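Notes follow once the structure below has been shown.
Protein chains in written order, with the numbering used here: chain A, 2 to 117; chain B, -19 to 92.
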């Protein structure tokens, strides 16, 4: 079974530029998560999708971050414009169902973003 | 709100040593508790979990017991191997959609 795919793996941009990350979850997984992991910290949830609907985006900085999951499969996370403090690893995860306490989340390798 | 506090790292041990990584949590009610592991160059993987008080999660020789009275979920292994070198994250799941809240991670290095 193929795992969660993410691209690109690395990205370097200058502040105020825009950037987009792509995630392809495990086939059949209804729930998709985007996390931000700043160096030395644990992952922090940005947004959770159930199929193509948003379950929780309370920690997403909506003035600059946006995410979509058209057709309930692939997802894209965008930052526009980027700030220095956005430098982090962006992780995508998926699970069969919505309940994290019952379902294992499977994580992709992440996209490492450096904003100069 | 929910939070997870992990033992500060990094931790360096010799092969076959005993491992304990401390984890305590703050949450209302009865969260589910998890340990995730991140090997070098790989994504996070679930190591073990426990969904109610006194449950013991175990996998690959690692164990952790859900202790409600001390709000703890310490990770233990009796004899570590070089291949156990990784970053370990404690996490809890609580709330209506049960999202994960992670600790800051503990880097473990095992020397031969």
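Ideal placement from N, C-alpha and C gives every residue a C-beta, glycine not left out.
Nothing here was measured: the structure is a model prediction, and the numbers come from that model.
Per DSSP, the bridge partner or partners of residue i
i, result
"residue 17 of chain A", "According to DSSP, which records beta bridges pairwise, residue 17 of chain A is partnered with nothing at all."
"residue 38 of chain B", "B:43"
"residue 48 of chain A", "A:35"
"residue 25 of chain A", "A:6"
"residue 59 of chain A", "Answer is none; residue 59 of chain A lacks a bridge partner."
"residue 54 of chain A", "A:51"
"residue 55 of chain B", "B:1 and B:44"
Closest residue to residue i among the options (Cα-Cα distance)
i, options, result
"residue 18 of chain A", "A:7, A:25, A:45 and A:84", "A:84"
"residue -12 of chain B", "B:2, B:29, B:-3 and B:-18", "B:2"
"residue 80 of chain B", "B:11, B:-5 and B:40", "B:11"
"residue 86 of chain A", "A:27, A:66, A:95 and A:26", "A:66"
"residue 88 of chain A", "A:41, A:76 and A:6", "A:41"
"residue 93 of chain A", "A:82, A:81, A:55 and A:77", "A:77"
"residue 7 of chain A", "A:34, A:61 and A:46", "A:34"
"residue 12 of chain A", "A:90, A:106, A:104 and A:95", "A:90"
"residue 8 of chain B", "B:72, B:91, B:92 and B:-4", "B:72"
"residue 95 of chain A", "A:23, A:15, A:114 and A:27", "A:27"
"residue 49 of chain B", "B:64, B:35, B:19 and B:58", "B:35"
"residue 82 of chain A", "A:9, A:14 and A:10", "A:14"
"residue -4 of chain B", "B:14, B:58 and B:88", "B:58"
"residue 39 of chain B", "B:56, B:88 and B:47", "B:56"
"residue 88 of chain B", "B:28, B:33, B:74 and B:19", "B:19"
"residue 53 of chain A", "A:73, A:9 and A:112", "A:73"
Cβ-Cβ distance between residue i and residue j below 9 Å
i, j, result
"residue 44 of chain B", "residue 54 of chain B", "yes"
"residue -1 of chain B", "residue 62 of chain B", "no"
"residue 23 of chain B", "residue 108 of chain A", "yes"
"residue 4 of chain A", "residue 97 of chain A", "no"
"residue 4 of chain B", "residue 52 of chain B", "yes"
"residue 6 of chain B", "residue -15 of chain B", "yes"
"residue 69 of chain B", "residue 17 of chain B", "yes"
"residue 38 of chain A", "residue 44 of chain A", "yes"
"residue 25 of chain A", "residue 58 of chain A", "no"
"residue 63 of chain A", "residue 21 of chain A", "no"
"residue 110 of chain A", "residue 21 of chain B", "yes"
"residue 26 of chain B", "residue 105 of chain A", "yes"
"residue 47 of chain A", "residue 61 of chain A", "yes"
"residue 16 of chain A", "residue 117 of chain A", "yes"
"residue 15 of chain B", "residue 37 of chain B", "yes"
"residue 32 of chain A", "residue 56 of chain A", "yes"
Near the ligand GTP: residue i beta-carbon under 8 Å from a heavy atom
i, result
"residue 17 of chain A", "Here there are no bound small molecules, and the ligand GTP is not part of this structure."
So if I threshold CB-CB distances at 7 Å, which residues from the segment 44 to 58 of chain A count as touching chain B?
So the close ones are 44, 46, 49, 56 and 57.
The segment 62 to 89 of chain B: positions lying closer than 7 Å to chain A by Cβ
Using a CB distance below 7 Å, the part of the segment 62 to 89 of chain B facing chain A consists of 69, 73, 77, 78, 79, 80, 82, 83, 84 and 85, ordered along the chain.
Going along the segment 18 to 37 of chain B in order, which residues come within less than 9 Å of chain A, judged by CB to CB distance?
Residues 18, 21, 22, 23, 24, 25, 26, 29 and 31.
Which complete beta strand (DSSP E) runs does the segment 72 to 110 of chain A hold, if anything under 3 residues is left out?
Taking only runs of at least 3 residues, the beta strand (DSSP E) segments lying wholly in the segment 72 to 110 of chain A are 76 to 80 and 89 to 96.
What residue ranges within the segment -16 to 38 of chain B form continuous beta strand (DSSP E) runs of no fewer than 3 residues, ordered along the chain?
Runs of the beta strand (DSSP E) inside the segment -16 to 38 of chain B: -9 to -6, -1 to 1, 3 to 6, 12 to 18 and 24 to 30.
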